[in-house]
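First up is the structure itself, then whatever we jot down about it.
There are 2 protein chains.
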Amino acid sequence: MSPRTPAIAEPRTPLSRERVLEAAVAIADRDGLPSLTMRNLAQALGVEAMSIYHHLPSKEAVLDGMVEMVVAEINETVASIPPPAPPDEWKDVARRRILVARRILLGHPWAPAVIESRSALSPEVIRYFDGLLAILRAGGLSWDLSHHALHALGSRALGFSQELFAPDDVEAGEEAAGDLLEQMADHVPNLVGMMAEIAHDDPGSTLGWCDDQSEFEFGLDLLLDGLDRHRRASL
Amino acid sequence: MSPRTPAIAEPRTPLSRERVLEAAVAIADRDGLPSLTMRNLAQALGVEAMSIYHHLPSKEAVLDGMVEMVVAEINETVASIPPPAPPDEWKDVARRRILVARRILLGHPWAPAVIESRSALSPEVIRYFDGLLAILRAGGLSWDLSHHALHALGSRALGFSQELFAPDDVEAGEEAAGDLLEQMADHVPNLVGMMAEIAHDDPGSTLGWCDDQSEFEFGLDLLLDGLDRHRRASL
DNA sequence: ACCTGAACACCGTTCAAGT
DNA sequence: ACCTGAACACCGTTCAAGT
Chain Y
821 MSPRTPAIAE PRTPLSRERV LEAAVAIADR DGLPSLTMRN LAQALGVEAM
871 SIYHHLPSKE AVLDGMVEMV VAEINETVAS IPPPAPPDEW KDVARRRILV
921 ARRILLGHPW APAVIESRSA LSPEVIRYFD GLLAILRAGG LSWDLSHHAL
971 HALGSRALGF SQELFAPDDV EAGEEAAGDL LEQMADHVPN LVGMMAEIAH
1021 DDPGSTLGWC DDQSEFEFGL DLLLDGLDRH RRASL
Chain W
821 MSPRTPAIAE PRTPLSRERV LEAAVAIADR DGLPSLTMRN LAQALGVEAM
871 SIYHHLPSKE AVLDGMVEMV VAEINETVAS IPPPAPPDEW KDVARRRILV
921 ARRILLGHPW APAVIESRSA LSPEVIRYFD GLLAILRAGG LSWDLSHHAL
971 HALGSRALGF SQELFAPDDV EAGEEAAGDL LEQMADHVPN LVGMMAEIAH
1021 DDPGSTLGWC DDQSEFEFGL DLLLDGLDRH RRASL
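First to last, the protein sequences are chains Y and W. Per this note's numbering, residue 821 is the first one in the first sequence, and the count goes up by one each step. Per this note's numbering, residue 821 is the first one in the second sequence, and the count goes up by one each step.
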């Protein structure tokens, strides 16, 4: 309109690797991973799909970058956790670190699957494990035991454990589970018994009867306690 | 050639759900999951892609069926393992069952990822867990502890734990890992130290320095031992 | 009932062209 | 240097048609 308005039609902030990755994370967070297509991503950025390839070489690179983004957030957050003072505190410090990672990952439900699908190792993930390793060492675990510990914890170290019975729609999932169990009741007497017992102890919990958070912590403590027992046995 | 040869041009065995799934498993075993396309699968069966939809409603259903196939094989194999006699043997029986599942899964490298990607629960997987639950109960674990145990074991109960540092090409992966660590040496002193120590203890093991099988067993025993301690504590 | 061919609505990506 | 439009080589799947 005005005479000296630059002729450029709304160039806005120029595209960049950072902006692309932020938009990608936002789409996956909001609409789920299947909605993350190159065309979709471009549209969110107000740009054509092919423009992205000027900043990232491929969609795989986009996924790699998204993981970096999330794990970088984890690394920044855990950096403020103080290191263990007496060796016996290593468990609590490792625990806190892992639960912080978990809290952040809960905001990015797509992240576990994507992290596990990466065959290349990511610098940020490596940094995370290096920090955890520092805690194990400070806690008095040998190099060998620390190595075993990283493997034993696996993705749990990053705060997630891919649940085998995790329907994407909780309500429909619970109903389907109920139907299936009822239908197979004769073939799966133990599962039927278990569910009956749990429903008895905690009525009204047939829906959402598993608390993911406390199940995660139970498994985590099982591993941390076992590792600490190994440590004490080797003193 | 001969006069009374039926006019049908080599109909062979008619297509069936079973045949489709067997072919699908074979393709994924041999060429990897990305090679499993509907067109590819049809070609292996000597048929057009659309013919498959007469026996399976979708590709998702094909993947579901493939999981059923593999876990059914596991269920058949573990069926011959005798149940625990004195309660204290439950750990060994559970261990044997899980390692059998693992051995079978090793023949189907695509299976872990596909199993974890299924949101619907599979009858064969449910049967497997029901059998494991029977062992836990026979071993004296309470319903509640058994429930925690299933969650804590998670996919480990089926014999796999998705490794975070698992390159698809081992040789290239090890080299890339070495390069990356060297490059980030200042930022990841603990990992560098760990690798140096392990290389020192066991020279010539820089390549393939992690024995997946023994790492799996270490983590498994950590969990089983912890669960058994809970059991004894509750007596 | 079972299978087919063509077509549709998507993908990620290459390439030559624009500014 | 950065972005675009058209096109390519794939996907899974629908549909009308064949036997």
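Virtual Cβ for every residue (Gly too), placed ideally from N, Cα, C. Please read these numbers as outputs of a predicted model, since none were measured by experiment.
In the DSSP assignment, Arg859(W) falls within the alpha helix (DSSP H) that extends over 858-864.
Exclusion of the five residues before and after His875(W) leaves Leu835, Ser836, Arg837, Val840 as the residues of its chain whose Cβ lies within less than 7 Å of its Cβ. Gly885(W) sits buried, since 16 or more C-beta atoms from the chains shown fall within 10 Å of its C-beta. For Val882(W), no Cβ of chain Y is located within less than 8 Å of the residue's own Cβ. Nearest to Ala846(W) by C-alpha distance, out of Tyr873(W), Val887(W), Glu880(W), Tyr948(W), is Val887(W).
Nearest CB-CB separation between Trp910(Y) and chain W: not below the 8 Å threshold.
Of all residues in the stretch 1007-1022 of chain Y, only His1007, Val1008, Pro1009, Asn1010, Leu1011, Gly1013, Met1014, Glu1017, Ile1018, Asp1021 come within less than 8 Å of chain W when Cβ atoms are compared, listed by chain position. Between Val898(Y) and Arg917(Y), the C-beta gap is smaller than 8 Å, which places the two residues in contact. At least 8 Å separates the beta-carbon of Ala977(Y) from that of Leu1042(W). Contacts between Met870(Y) and chain W, judged by CB atoms closer than 8 Å, are missing: the closest CB pair is about 24 Å apart.
Between Leu965(W) and Ser1054(W) the beta-carbon gap is near 7 Å, inside 8 Å, which marks them as a contact.
When Cβ-Cβ separations below 8 Å define contact, Gln982(W) makes contact with chain Y.
Taking CB atoms only, Val840(Y) has no neighbour in chain W less than 8 Å away.
Here DSSP, grouped into helix, strand and coil, assigns Arg938(Y) to coil. For Ser1054(Y), there are no C-beta contacts with chain W under 8 Å, since the nearest C-beta of that chain is about 14 Å from it.
Contact between the stretch 998-1005 of chain Y and the stretch 921-939 of chain W is not established, with fewer than three Cβ pairs separated by less than 8 Å. A residue is called buried when at least 16 other Cβ atoms come within 10 angstroms of its Cβ; Arg947(Y) meets this threshold and is buried. DSSP places Glu983(Y) in the coil class of the three-state scheme, outside both helix and strand. With fewer than 16 neighbouring CB atoms inside 10 Å of its own CB, Arg859(W) falls in the exposed class.
The C-alpha of Ser871(W) is placed about 51 Å away from the C-alpha of Gly960(W).
With contacts defined as CB atoms closer than 8 Å, Gly974(W) and Glu983(Y) qualify as a contacting pair. With a contact defined as Cβ atoms closer than 8 Å, Glu1035(W) and His968(Y) qualify at about 7 Å. In chain order, Ile924 place their CB closer than 8 Å to the CB of Glu893(W), counting only its own chain and leaving out the 5 sequence neighbours on each side. Interface flag for Ile894(W) against chain Y is unset, since no Cβ pair is found closer than 8 Å. Residue environment analysis places Arg1052(Y) among the exposed positions, since fewer than 16 neighbouring C-beta atoms fall within 10 angstroms of its C-beta.
Contact note: Val945(Y) reaches chain W through Leu984, using a C-beta cutoff of 8 Å and chain order. Rounded to whole angstroms, the gap between the alpha carbons of His928(Y) and Thr833(Y) is 26 Å.
Taking a C-beta distance under 8 Å as the contact criterion, Asn895(W) and Arg957(Y) do not qualify as a contact pair. With respect to chain Y, the C-beta atom of Trp930(W) has no partner C-beta closer than 8 Å. Comparing C-alpha distances from Val920(Y) to each of Val1012(Y), Thr857(Y), Ile901(Y) shows the shortest one belongs to Ile901(Y). Neighbours of Ala972(Y) in chain W, taken as residues at a C-beta separation under 8 Å, are given in chain order as Glu1035, Phe1038, Gly1039, Leu1042.
Not a single C-beta of chain W is nearer than 8 Å to the C-beta of Leu853(Y).
Within the stretch 953-970 of chain Y, Leu953, Ala954, Arg957, Trp963, Asp964, Ser966, His967, His968 place their CB atoms closer than 8 Å to a CB of chain W, listed in sequence order. Look at Ala997(Y): its C-beta is under 8 Å from a C-beta on chain W.
Trp963(Y) sits in a helix when the DSSP states are folded into three classes.
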